[in-house]
Amino acid sequence: MNWSVDVDAVRASFVTGRLRRAEGFTLPAPSVDLWIDDAFDRSEKISADDPEPIEFSIPLAAFCFEGQRHKIEIRCGGERRVQYFESEYQGYIDPFSENLISGWAADHSRPLTPVQLEIEVNGAAIARITANVFRADLNGAIGFTYRLRATAEMDRSFVLRARIAGTDIDLQGSPVLSLSRPRLVKAAQQFNAAFHYLEHRLLWAGKASNAEPNLTESERRTFTDLLLQGGSAADLMELRHRFLRPMQGHLTERYARRDYRNLGILYPQSVPRRARSAHRDRPVDIIVPIFAGLRETERCLNSVLASPCGCRYQLICVLDNPEVSDLRALLRGFAAAHEQVLVIENETNLGFAESVNRAMTLHRDRDVLILQADCEVHGDWLLRLQCAAYEGAGAGMVNPLGDRAEFLSYPAWDLELPEDAPFELLDEMARRTGPGRAVPIPAAMAFCLYVRRGCLDDLGFFHNDRASGGYYAEKYFSLNAAAQGWRTIVAPDVFVKHHRFVSFASRDGNAIEMARDAFERWCPFYTDSVTDFLVDEAALPAKRELDVARLERLGQDFFCLISHGGGGGTERHLQDLAQAMA
115 MNWSVDVDAV RASFVTGRLR RAEGFTLPAP SVDLWIDDAF DRSEKISADD PEPIEFSIPL
175 AAFCFEGQRH KIEIRCGGER RVQYFESEYQ GYIDPFSENL ISGWAADHSR PLTPVQLEIE
235 VNGAAIARIT ANVFRADLNG AIGFTYRLRA TAEMDRSFVL RARIAGTDID LQGSPVLSLS
295 RPRLVKAAQQ FNAAFHYLEH RLLWAGKASN AEPNLTESER RTFTDLLLQG GSAADLMELR
355 HRFLRPMQGH LTERYARRDY RNLGILYPQS VPRRARSAHR DRPVDIIVPI FAGLRETERC
415 LNSVLASPCG CRYQLICVLD NPEVSDLRAL LRGFAAAHEQ VLVIENETNL GFAESVNRAM
475 TLHRDRDVLI LQADCEVHGD WLLRLQCAAY EGAGAGMVNP LGDRAEFLSY PAWDLELPED
535 APFELLDEMA RRTGPGRAVP IPAAMAFCLY VRRGCLDDLG FFHNDRASGG YYAEKYFSLN
595 AAAQGWRTIV APDVFVKHHR FVSFASRDGN AIEMARDAFE RWCPFYTDSV TDFLVDEAAL
655 PAKRELDVAR LERLGQDFFC LISHGGGGGT ERHLQDLAQA MA
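Heads up: the sequence shown begins at 115 in the numbering used here, then just goes up one per residue.
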């Protein structure tokens with residue numbers, strides 16, 4: 115080559131590097147071209163009179179700093195150098211009072227460039243500020259402060275949001291519900307009464323010297339009832355978030371056990387809701403993250419393409435395992451044969467959450483349906499999920515029934531599909547028996563999950579914990595969404611077959627355990643909420659309708675013989691009766 119090109123890693127908003135002329139080569143230096151995401155952006159002319167090495171510096175376009183991953187390519191004299199760039203935003207909004215907001219934000223890929231922030235109140239942008247205030251605790255000029263103007267709206271409860279300008283990236287701790295003074299005082303009074311009771315019980319029992327309160331179950335119930343008596347759970351949770359976070363471990367259990375059904379409806383109407391056009395006018399993005407399972411993936415995609423779905427859609431397949439050539443060939447074949455199929459190939463393994471996030475950013479005006487590659491669907495399944503999402507009060511996410519679907523499993527948790535009813539038949543039965551039975555559930559499950567775009571606009575995208583491979587991302591998302599007024603419901607008129615873990619079977623099993631432990635530490639009441647859901651039998655009526663439909667289809671008389679589990683003569687007698695009746 116006549117020219118050699120060295121390119122530095124992108125820092126401080128510029129692509130920099132050096133050119134060297136081959137020995138004996140006298141032609142003038144060519145231009146240096148910058149390509150971003152395989153599209154030409156700009157050139158820089160190089161003077162042949164400059165001493166070697168000839169240095170160049172080309173500024174990146176503003177859209178490169180929106181928080182997404184971009185391909186950066188330098189082309190010069192037949193030489194190409196490729197690298198990938200993604201802004202490394204991080205920030206935090208402090209708990210605030212008296213309408214004074216403070217916090218910090220930084221882009222570690224541009225440490226010397228101050229970050230612009232957007233402040234929203236109830237969904238409306240009110241300010242654009244710069245994080246350039248020096249903070250001694252962070253040893254840098256990356257802090258910010260902003261005082262909200264005193265308006266009539268500020269006297270009521272409102273939702274405040276702080277995000278990186280031009281991106282969907284919220285600062286940690288955002289959005290936050292700010293309570294009006296009367297509600298805040300009432301919540302504080304409830305806390306005061308509850309802690310007065312706690313202090314009295316500990317002193318009376320001589321337990322005050324203990325590091326951990328050792329209350330009886332009755333005392334704990336009385337304490338938490340005092341917290342919740344006559345008040346709003348939203349007020350108490352916000353007061354805890356702002357002033358009593360160190361006490362979180364002592365306050366969550368009882369609150370969550372009585373609240374999972376109503377999390378999405380207890381919050382005030384000040385929670386933002388963006389106006390949207392009719393949902394039937396927009397297609398739905400069906401996102402299928404794929405890591406392994408060739409046969410299962412083929413069955414999944416064929417089931418989607420063969421079903422009428424009931425509404426317009428685009429099928430977006432995200433291959434998250436670049437080393438599997440047979441899957442790559444399969445997906446490219448589907449894309450070539452079907453115009454509604456789009457394939458995204460990750461160059462490295464990004465995990466479930468980041469793969470889904472890449473697809474959700476493609477069309478910012480569409481709802482999304484996340485479908486695991488080890489699922490199969492039938493009929494107008496997509497339309498039924500869409501109807502449930504928009505007909506349910508405050509519904510932001512919808513799950514169907516399925517086999518191997520945790521607490522939404524039919525016939526029961528970890529039981530195989532019944533031999534008398536393949537999943538296509540169960541879906542037809544559910545379509546006839548399940549409409550109008552939507553009920554709230556403790557958290558979302560990603561095997562088949564419909565998510566409204568308004569919910570994504572309010573919450574942002576899935577949290578990507580790379581250490582755990584993105585597992586439980588949908589559960590984090592759904593619980594945070596519940597705190598913003600978006601409920602997660604089950605649509606019992608849809609049944610989806612789920613092979614479970616086939617798509618991700620070859621991943622590190624420790625990652626799943628790590629993700630589960632981290633999630634249960636973050637949300638210690640989740641297991642109890644699931645138990646309450648099963649004890650309440652919230653989805654049982656829909657499952658029993660499926661049982662009845664199966665029995666009616668068989669058209670025979672049935673007998674149910676019930677006994678204890680101790681065996682012996684009673685069990686032998688029932689076995690003899692069953693054999694005689696058969």
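Using N, Cα and C, we set each Cβ at its ideal position, and we do this for glycine too. The model shown is predicted, which means the values in this text are computed figures rather than measured ones.
When secondary structure is reduced to three states using DSSP, Y640 falls in the helix class. By the criterion of at least three beta-carbon pairs nearer than 8 Å, the segment 246-255 is not in contact with the segment 154-162.
Secondary structure of R566 (DSSP, three-state): coil. Per DSSP, the continuous alpha helix (DSSP H) segment holding P655 begins and ends at 654-668. Within 10 angstroms of the beta-carbon of Y203 lie 16 or more other beta-carbons, which makes it buried. Shown here for V649: not one same chain residue has a beta carbon closer than 8 Å to its own, the five before and five after excluded. Counting of Cβ neighbours within 10 angstroms places Y585 among the buried residues, the total reaching 16 or more. In this structure, F466 sits away from P514, with a CB-CB distance that is not shorter than 8 Å.
Put simply, of L133, C190, Q689, F561 the residue whose alpha carbon is nearest the alpha carbon of E520 is F561. Taking V438 as reference, the option from Q500, S523, E461 with the minimal CA-CA separation is E461.
Spatial neighbours of G280 in its own chain (CB-CB distance under 6 Å, excluding positions within 5 residues in sequence) are listed in chain order as E180.
A residue is called buried when at least 16 other Cβ atoms come within 10 angstroms of its Cβ; Q500 meets this threshold and is buried. With fewer than 16 other beta carbons inside 10 angstroms of its own, F672 counts as exposed.
Residue burial is scored here from C-beta neighbours: H678 has fewer than 16 other C-beta atoms within 10 angstroms and is therefore classed as exposed. Counted as a single uninterrupted DSSP element, the alpha helix (DSSP H) harbouring D690 occupies residues 683-695. By the Cβ-count criterion, Y640 is buried, with 16 or more other Cβ atoms from all chains shown falling within 10 Å of its own Cβ.
Each residue's CA atom was taken as its position, placing V124 and A264 some 43 Å apart.
Burial is judged here by how many other beta carbons sit within 10 angstroms of a residue's own beta carbon; Q693 has fewer than 16 and is exposed. In this structure V273 does not touch I186 by the C-beta definition: roughly 37 Å separates them, more than the 8 Å allowed.
Contact between E193 and W117 holds: their C-beta atoms lie close to 6 Å from each other, under 8 Å. Boundaries of the alpha helix (DSSP H) around L415: 408-420.
Here DSSP, grouped into helix, strand and coil, assigns F537 to helix. By the C-beta density criterion, P536 is exposed, having fewer than 16 other C-beta atoms within 10 angstroms. For W117, the enclosing beta strand (DSSP E) starts and ends at 117-121. Distance from the CA of H687 to the CA of C674, rounded to the nearest whole angstrom, comes to 14 Å.
R551 and A557 have their C-alpha atoms roughly 18 Å apart. Per DSSP, reduced to three states, the secondary structure at M511 is strand. Annotation for A241: E232, I233, Y260 place their beta carbon closer than 8 Å to its own, counting only its chain and skipping 5 residues before and after. In the DSSP annotation of this structure, the continuous segment of the beta strand (DSSP E) that includes D221 starts and ends at 214-221.
Burial is judged here by how many other beta carbons sit within 10 angstroms of a residue's own beta carbon; N471 has at least 16 and is buried. By the beta-carbon neighbour count (other beta carbons within 10 angstroms, threshold 16), K611 is buried. For I555, the closest alpha carbon among the candidates L529, D528, A544, G508 is that of G508.
If you compare the alpha carbons of L445, H452, D534 with that of R667, the shortest gap goes to D534. With 16 or more neighbouring CB atoms inside 10 Å of its own CB, H184 falls in the buried class. Runs of the beta strand (DSSP E) spanning 3 or more residues and lying entirely within the segment 223-272 occur at 229-235, 238-245, 247-249, 254-261, in chain order. With contact defined as three or more Cβ pairs closer than 8 Å, the segment 475-484 and the segment 404-419 are not in contact.
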